[in-house]
Amino acid sequence: MHTAQLLSQAIDLSRRAGFQIREETLEGAGGGHCLIRGQKWLLLDLTQTHQEQLNDVLDALRTETSLELSDVPEPLVEYLRIPKAA
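Numbering (the numbering used here), first residue to last: 2 to 87.
Here is the structure:
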């Protein structure tokens with residue numbers, strides 16, 4: 002599966018997990034996730050590659066302990082099981 006497809010699926014999953022998504026041009030500063038006033042936010046830097054954006058989304062999803070994966074495509078589940086590189 003192409004990285005762009007995985008990214009799209011991961012973004013959809015993060016929305017279902019309750020994240021608000023912001024996609025901004027941040028000149029390579031990078032994205033990430035945070036909690037603001039009890040609301041989960043995921044910020045994606047559109048100047049980064051799809052792989053870098055996917056890594057940011059996966060990092061956010063890995064914090065979700067009650068994430069339901071039964072209807073998630075297997076390639077994305079496999080990515081979620083890979084721990085973040087140090």
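Just so it is clear, CB atoms sit at the ideal spot from N, CA and C, and this is done for glycine as well. Just so you know, these numbers come straight off a predicted model, no measurement behind them.
Annotation: the continuous beta strand (DSSP E) that includes Arg23 extends over Gln21 to Glu25. Per DSSP, the beta bridge partners of Gln40 are Ile37. As DSSP reads the structure, Leu45 sits in a beta bridge with Glu24. Excluding five sequence positions before and after Glu65, the CB atoms of its chain that fall closer than 7 Å to its own CB belong to Ala18, given in chain order. Excluding five sequence positions before and after Gly31, the CB atoms of its chain that fall closer than 6 Å to its own CB belong to Asp46, given in chain order. Secondary structure at Thr4: helix, using DSSP grouped into helix, strand and coil. Taking C-alpha positions only, Leu7 is separated from Leu27 by approximately 22 Å.
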